[in-house]
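Quick note, our numbering runs 102 ahead of the 1-based positions in the sequence shown.
Ideal Cβ positions, reconstructed from N, Cα and C, are used throughout, including at glycine.
Quantities reported herein were computed from a predicted structural model and do not represent experimental measurements.
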Amino acid sequence: MLSSVRLRHTRVKREGFTLIELMVAMAITAVIIYVAFGALTYALGVARRGQNRSEVQGDLSAVIDQATKELRETTTQNDGVGGATCYGVTVPPAATGMVDRVWHLDNILKSTSPPPPLSEGQNYLFVDSTDIPDKPVLLEFYIYDVDPTDPTPDTPSLPLVKHRIRYGLDIPATAALAWRYWPLSGYEPLQVTYANDYYNGTSWSTRPPQPVTGQVVTDFTVIRPAGSRGAIQLLIEASVPSASGGGVSPIRMVAQVTLRQ
Numbered sequence: 103m104l105s106s107v108r109l110r111h112t113r114v115k116r117e118g119f120t121l122i123e124l125m126v127a128m129a130i131t132a133v134i135i136y137v138a139f140g141a142l143t144y145a146l147g148v149a150r151r152g153q154n155r156s157e158v159q160g161d162l163s164a165v166i167d168q169a170t171k172e173l174r175e176t177t178t179q180n181d182g183v184g185g186a187t188c189y190g191v192t193v194p195p196a197a198t199g200m201v202d203r204v205w206h207l208d209n210i211l212k213s214t215s216p217p218p219p220l221s222e223g224q225n226y227l228f229v230d231s232t233d234i235p236d237k238p239v240l241l242e243f244y245i246y247d248v249d250p251t252d253p254t255p256d257t258p259s260l261p262l263v264k265h266r267i268r269y270g271l272d273i274p275a276t277a278a279l280a281w282r283y284w285p286l287s288g289y290e291p292l293q294v295t296y297a298n299d300y301y302n303g304t305s306w307s308t309r310p311p312q313p314v315t316g317q318v319v320t321d322f323t324v325i326r327p328a329g330s331r332g333a334i335q336l337l338i339e340a341s342v343p344s345a346s347g348g349g350v351s352p353i354r355m356v357a358q359v360t361l362r363q
């Protein structure tokens, strides 16, 4: 007797994704990675520009602190040492009448110097200053200090020496400063320079000015307010890329010093 064979068909359940599902998943993953990478890149850029701004602010602050500290040591009293006019602040000249005396980049550029924005290959042209050719002076004043040849400056054994302090502006060498902070392609980057000469009893030394800013600046302004014989205002400016990276963010440091009478 033949027994009937019942064929049982079982449905096999497949596991996994179809090709379309895989393609959709890969596309979504790629979009997420792209967005996340873009956000990370933007965040790192903002952090880097914030750090750059902080470094520039610290640099400008160091210049202001040094200049104001030295200015507090000068006096308007003429002692006749080094010459009849070698006392107090001599550059910029004292304000007269009711108009402030403002000394900045425009005062030390030659009349033939091209104004910004500059074309390719153009540079600022500076006027010549006394004793320091091609190194214009924005601020000049006189102070006393210990003799630079004294072997024990902390406990000076030699007489005090008169110093001539000069601050100016100069164009830095390309590799000398952090040009990555400079966002103004049509403007000349500048650096603040410093010269400290001393009177040896017969003449003034002529030390070459040295840069005192680690970053490039846009201007350094010295103001002698009208009606105030002893007040000196300092303003130093720089520019860095904005936090978003799409523009320029200015930085300004301001200080005021009253000279001893």
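Query: Three CB pairs or more closer than 8 Å across the region 215 to 228 and the region 353 to 360; Result: no
Query: Extent of the continuous beta strand (DSSP E) run through T360; Result: 350 to 360
Query: Check: D202 C-beta below 7 Å from any heavy atom of the ligand GDP; Result: Ligands in the displayed structure: none, and consequently the ligand GDP is not present.
Query: V107 burial status per 10 Å Cβ neighbour count (16 or more: buried); Result: Reliability fails at V107, whose pLDDT of 49 lies under 50, so the model's placement of it is uncertain and the value that follows must be treated cautiously. Exposed, because fewer than 16 other Cβ atoms sit within 10 Å of the Cβ of V107.
Query: Neighbour-count burial assignment, R326, 16 or more Cβ in a 10 Å radius; Result: buried
Query: Cβ-Cβ separation, V350 to F322 (assumed contact under 8 Å), whole Å; Result: Contact flag wrong, Cβ pair sits at about 18 Å.
Query: Collapsed DSSP secondary structure at V126 in the structure displayed; Result: helix
Query: Three-state secondary structure assigned by DSSP to S163; Result: helix
Query: Backbone CA spacing between I334 and A186 [nearest angstrom]; Result: 22 Å
Query: Straight-line Cα distance separating Y283 from Y289; Result: 13 Å
Query: Per-residue burial, T120 [other beta carbons within 10 Å of its own, 16 or more giving buried]; Result: exposed
Query: Beta-carbon proximity of R340 to T320, cut-off 8 Å; Result: Before going further, note that residue 340 is Ala rather than Arg in the sequence given. Taking 8 Å as the Cβ cut-off, A340 and T320 qualify as a contacting pair.
Query: Spatially closest choice to I210 from L162, C188, P238, G147, by CA coordinates; Result: P238
Query: Identity of the residues DSSP links to S341 by a beta bridge; Result: P352
Query: Counted within 10 angstroms of its Cβ, other Cβ atoms place Y136 as buried (16 or more) or exposed; Result: exposed
Query: DSSP state of Y289 mapped onto helix, strand, coil; Result: coil
Query: As assigned by DSSP and simplified to three states, the class of I245; Result: strand
Query: Entirely enclosed beta strand (DSSP E) segments - the region 161 to 231, minimum 3 residues; Result: 191 to 193, 203 to 205
Query: Expected contact under 8 Å - CB spacing of P261 and V318 to nearest Å; Result: In fact, because the Cβ distance is near 40 Å, the residues do not count as touching under 8 Å.
Query: Coarse secondary structure for N302, derived from DSSP in three states; Result: coil
Query: CA nearest to the CA of V183, picked from V324, G348, G332, N302; Result: N302
Query: Limits of the beta strand (DSSP E) - the one that R268 falls within; Result: 262 to 272
Query: DSSP three-state assignment for L104, whether helix, strand or coil; Result: Residue placement at L104 is flagged as unreliable, the pLDDT there being 44, under the threshold of 50; a coordinate-derived value is accordingly withheld.
Query: In DSSP terms, what A297 is bridged to; Result: R268
Query: Where V319 sits in the DSSP three-state scheme; Result: strand
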